[in-house]
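Here's the structure we're looking at; comments come further down.
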Amino acid sequence: MTTHLHRPYREPNHTQAWLIGSGIASLSAAVHLINDAKVPAANIHILDLHSGSGGGMNPSGDAENGYFLPFECHPHFYGSCLEKLLSAVPSQTEANKSILDAIRSSGQFQRPPPQDYALARALKQGESGPEAVDTKGIHIGVKNRMALIRLMLESEKMLGSHTIKDMMDESFFETTFWMLWATSFSLQPWHSAVEFHRHLRKYLEDIQSLNNLKTSNRTEYNLYESLIVPITAYLNNEGIDFRFNTEVTNIRINREEQPHIATEIELLEDGTEHYVRIEPTDVVVITLGATSSGAALGTNNSPPPNLSSGWEDRMLCDWRLWQKLSQVSPNFGDPTNFLSQSLRSAVECFTTTFKGPEFMKLYETLTHDRPGTGALVTLTETNWSITLSIPHQPVFHGQANDVNIVCGYALSPLNEGNYVKKPMSRPQVIPDNTGNIACVGQFVEIMDDTTLNMDYSVRGGQIAVTELMGLPEKPEKLKKSLLLEIFDLII
Ligand SMILES: Cc1cc2nc3c(=O)[nH]c(=O)nc-3n(C[C@H](O)[C@H](O)[C@H](O)COP(=O)(O)OP(=O)(O)OC[C@H]3O[C@@H](n4cnc5c(N)ncnc54)[C@H](O)[C@@H]3O)c2cc1C
1360 MTTHLHRPYR EPNHTQAWLI GSGIASLSAA VHLINDAKVP AANIHILDLH
1410 SGSGGGMNPS GDAENGYFLP FECHPHFYGS CLEKLLSAVP SQTEANKSIL
1460 DAIRSSGQFQ RPPPQDYALA RALKQGESGP EAVDTKGIHI GVKNRMALIR
1510 LMLESEKMLG SHTIKDMMDE SFFETTFWML WATSFSLQPW HSAVEFHRHL
1560 RKYLEDIQSL NNLKTSNRTE YNLYESLIVP ITAYLNNEGI DFRFNTEVTN
1610 IRINREEQPH IATEIELLED GTEHYVRIEP TDVVVITLGA TSSGAALGTN
1660 NSPPPNLSSG WEDRMLCDWR LWQKLSQVSP NFGDPTNFLS QSLRSAVECF
1710 TTTFKGPEFM KLYETLTHDR PGTGALVTLT ETNWSITLSI PHQPVFHGQA
1760 NDVNIVCGYA LSPLNEGNYV KKPMSRPQVI PDNTGNIACV GQFVEIMDDT
1810 TLNMDYSVRG GQIAVTELMG LPEKPEKLKK SLLLEIFDLI I
């Protein structure tokens, strides 16, 4: 949902669309440009620094040397915008079906149904070994309950730049209830109270059931293979102009015009400078930053190189463009708030490739859950705040039967931090006072919605296309019932 006025209809045949980045946000914009706005595929250009599409969702490795599965690629997803996207793309494997229909039918018929719900959302060290933590109910005491209700009823303006820590008593951060939120959404006590406010209002009703994958869409393999590959193949077949190994270094903007208009894209294609002229009839959709920028990979024998050396150079190529745009106008937001805290807010992700069934057997014995029943298992007393995902197997096409893959992340790999996301550091999808420019990805502002999920990037892509092309249909509104949520807290 966006607060912008509806824009005039744009003639699709006379529109060239330049999409910067090839993650799910841009792929979503491309699909909706073709399907909803009827822009010819040959007029759509996707530019990315990397050698293939998918952005942060690219896996790597093999069974011999160990796989790397980005955490966001575990084989299940939810979100109405993502479902709409997948229902618009034909399946590559099943004739006359969309990707969404194919996923739903294979999930239903080819796999054993999961248990109704996962028994273990978290494990702790008990007297006789690891045991499941009881995560049901809201056991936070009357004082914390009242503080949560106050926080939920507060306006974002009043919450301002307060942190969650500013709003809640220290005892709150010791509760199992907080552990659920922190590990489901990578929240830290020093994160923005506005961010937590949005999460509470979006998920309070569902926080207990979010872990149960029975109601989510389960894909055959990891999300890169099951979603990114077929969407990219579809766009290639349609004739989209993909340009990889291409960094967009600047977008020239005519500030004399009201609203501001993008007039030229400067790019480095395989190291050579090029300039692309942008007409006022054209549109530019920019993925700001990247979720995995600056990432350093370890191997089986060596840890990832220390992030404190040389990480800026690795990272900045994804962020330079946003830095330049923020100097053009404050309407493009300010990446400083994300960049200046990047070491503190780094998340360490890992994938473990097991040969043989021992780990899975131990996991089932301990939790009484089959792999793929629950989304997450948090190990509550680990210093690194580790959360695991034990997906249904296989996760990769061609993965042998005796190979099992588990992935996880550590919320506190440095075990310190004071990261605060200030409100309004992010630009709107259509930055104020711009005419043919949209920003998408995890670092734009979408009112009431929460980041760290694909649906956010896809929703951004849908808003960009709807607004830039002047289409009548808006993305589905987020469900929200403050009364019901507060009721959940009271009882
Ligand atoms: C640790 C972690 C866990 C997550 N877990 C989940 C999860 O469980 N479920 C979920 O739904 N989501 C999860 N997410 C969120 C996930 O990142 C998003 O769902 C999705 O991958 C973001 O897609 P995107 O297209 O917005 O950006 P990205 O995937 O980051 O892609 C952006 C692309 O744009 C390119 N680019 C940027 N600037 C330029 C430029 N100037 N020139 C050329 N190319 C450029 C980048 O190189 C990159 O390839 C997680 C994220 C992280 C970091």
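Read in this note's numbering, the sequence shown has 1382 at position 23, and its numbers run on one by one without any break. All C-beta atoms in this analysis are idealised placements derived from N, C-alpha and C, irrespective of residue type, glycine included. Since this is a predicted model, take the numbers as computed values, not measurements.
How would you call residue i, buried or exposed, if buried means at least 16 neighbouring beta carbons within 10 angstroms?
{"i": "Glu1826", "result": "buried"}
{"i": "Arg1785", "result": "buried"}
{"i": "Tyr1368", "result": "exposed"}
{"i": "Leu1353", "result": "Since the first residue shown for the chain is 1360 and the last is 1850, residue 1353 is missing from the structure and cannot be characterised."}
{"i": "Thr1591", "result": "buried"}
{"i": "Val1765", "result": "buried"}
{"i": "Arg1577", "result": "buried"}
{"i": "Tyr1580", "result": "buried"}
{"i": "Tyr1634", "result": "exposed"}
{"i": "Arg1480", "result": "buried"}
{"i": "Met1806", "result": "exposed"}
{"i": "His1756", "result": "exposed"}
{"i": "Lys1781", "result": "With a pLDDT of 32 at Lys1781, under the threshold of 50, the modelled position of this residue cannot be trusted, and the question is left open."}
{"i": "Ala1388", "result": "buried"}
{"i": "Arg1636", "result": "exposed"}
{"i": "Ala1454", "result": "exposed"}
{"i": "Asp1475", "result": "exposed"}
{"i": "Leu1512", "result": "exposed"}
{"i": "Gln1752", "result": "buried"}
{"i": "His1727", "result": "exposed"}
{"i": "Pro1663", "result": "exposed"}
{"i": "Asp1761", "result": "exposed"}
{"i": "Ser1585", "result": "buried"}
Between residue i and ligand 1, is there a pair consisting of the residue's CB and a ligand heavy atom that are separated by less than 8 Å?
{"i": "Thr1608", "result": "yes"}
{"i": "Glu1431", "result": "yes"}
{"i": "Ala1422", "result": "no"}
{"i": "His1404", "result": "no"}
{"i": "Met1416", "result": "yes"}
{"i": "Trp1678", "result": "yes"}
{"i": "Thr1574", "result": "no"}
{"i": "Gln1801", "result": "yes"}
{"i": "His1409", "result": "yes"}
{"i": "Ile1590", "result": "no"}
{"i": "Gly1488", "result": "no"}
{"i": "Ser1585", "result": "no"}
{"i": "Tyr1768", "result": "yes"}
{"i": "Leu1478", "result": "no"}
{"i": "Ser1439", "result": "no"}
{"i": "Tyr1815", "result": "yes"}
{"i": "Leu1811", "result": "yes"}
{"i": "Ala1823", "result": "no"}
{"i": "Ala1637", "result": "Position check: residue 1637 holds Ile in this sequence, whereas Ala was assumed. Every heavy atom of ligand 1 is 8 Å or more from the Cβ of Ile1637, so no."}
Residue i lies in the beta strand (DSSP E); which residues open and close that run?
{"i": "Leu1482", "result": "Ala1481 to Gly1485"}
{"i": "Gly1488", "result": "Gly1488 to Ala1491"}
{"i": "Glu1628", "result": "Ile1620 to Glu1628"}
{"i": "Gln1636", "result": "The residue asked about is misnamed: residue 1636 is Arg in this sequence, not Gln. Arg1636 -> beta strand (DSSP E) spans Thr1631 to Arg1636."}
{"i": "Val1861", "result": "Outside the shown range of the chain (1360 to 1850) lies residue 1861, about which nothing can therefore be said."}
{"i": "Phe1709", "result": "Glu1707 to Lys1714"}
{"i": "Phe1376", "result": "According to the sequence provided, residue 1376 is Ala. The question's Phe does not apply to it. From DSSP, the beta strand (DSSP E) with Ala1376 extends over Ala1376 to Ile1379."}
{"i": "Ser1746", "result": "Sequence inspection shows Thr at residue 1746; the Ser mentioned does not correspond to that position. Residues Ile1745 to Ser1748."}
{"i": "Cys1830", "result": "According to the sequence as given, residue 1830 is Leu; it is not Cys. It is not in any beta strand (DSSP E) - Leu1830 carries neither H nor E in the DSSP assignment."}
{"i": "Ser1412", "result": "That residue, Ser1412, is in no beta strand (DSSP E); it is neither H nor E in DSSP."}
{"i": "Ser1419", "result": "Ser1419 to Asp1421"}
{"i": "Leu1406", "result": "Ile1403 to Leu1406"}
On the DSSP letters alone, give me the boundaries of the alpha helix (DSSP H) that residue i sits inside.
{"i": "Tyr1426", "result": "No alpha helix (DSSP H) holds Tyr1426; the beta strand (DSSP E) holding it covers Gly1425 to Phe1427."}
{"i": "Tyr1562", "result": "Ala1552 to Tyr1562"}
{"i": "Ser1439", "result": "Ser1439 to Ser1446"}
{"i": "Thr1732", "result": "From DSSP, Thr1732 is part of no alpha helix (DSSP H); its letter is neither H nor E."}
{"i": "Ser1450", "result": "Taken as a continuous stretch (DSSP letters only), Ser1450 belongs to no alpha helix (DSSP H), as it is neither H nor E."}
{"i": "His1391", "result": "Ile1383 to Asn1394"}
{"i": "Val1687", "result": "Arg1679 to Val1687"}
{"i": "Glu1606", "result": "Looking at the DSSP string, Glu1606 is not in any alpha helix (DSSP H); the run it does join, the beta strand (DSSP E), is Thr1605 to Asn1613."}
{"i": "Thr1726", "result": "Glu1717 to Thr1726"}
{"i": "Phe1697", "result": "Thr1695 to Leu1698"}
{"i": "Leu1594", "result": "Val1588 to Glu1597"}
Between the region 1651 to 1662 and the region 1828 to 1837, are three or more C-beta pairs nearer than 8 Å? No, the region 1651 to 1662 is not in contact with the region 1828 to 1837.
Check: Counting Cβ pairs, one atom from each stretch, are 3 or more of them under 8 Å apart for the region 1493 to 1508 and the region 1532 to 1541?
Finding: Taking a cut-off of 8 Å for Cβ pairs, the region 1493 to 1508 and the region 1532 to 1541 touch, as three or more such pairs fall below it.
Counting only runs that start and end within the region 1762 to 1827, where is the alpha helix (DSSP H) found for 4 or more residues in a row? Fully enclosed alpha helix (DSSP H) runs of 4 or longer: not present.
Would you mind listing the alpha helix (DSSP H) stretches within the region 1510 to 1556 that are 4+ residues and don't spill past its ends, in chain order? The region 1510 to 1556 contains, as complete alpha helix (DSSP H) runs of 4+ residues, the segments 1515 to 1518, 1523 to 1526 and 1535 to 1544 (chain order).
Next on the checklist: Check whether the region 1514 to 1526 and the region 1744 to 1764 are in contact - that is, three or more C-beta pairs closer than 8 Å.
Outcome noted: The answer is no - the region 1744 to 1764 does not touch the region 1514 to 1526, with fewer than three Cβ pairs under 8 Å.
Can you find at least 3 beta carbon pairs, one from the region 1403 to 1422 and one from the region 1596 to 1605, that sit closer than 8 Å? Contact holds: three or more Cβ-Cβ distances are below 8 Å.
Can we say the region 1728 to 1742 touches the region 1698 to 1716, given the rule of at least three CB pairs closer than 8 Å? Cβ pair count under 8 Å is below three, so no.
For the 8 Å Cβ check, are there 3 or more pairs between the region 1541 to 1553 and the region 1521 to 1529?
Yes, the region 1541 to 1553 touches the region 1521 to 1529.
Using a Cβ distance threshold of 8 Å, determine whether the region 1674 to 1693 contacts the region 1786 to 1799, with at least three qualifying pairs required. These segments touch.
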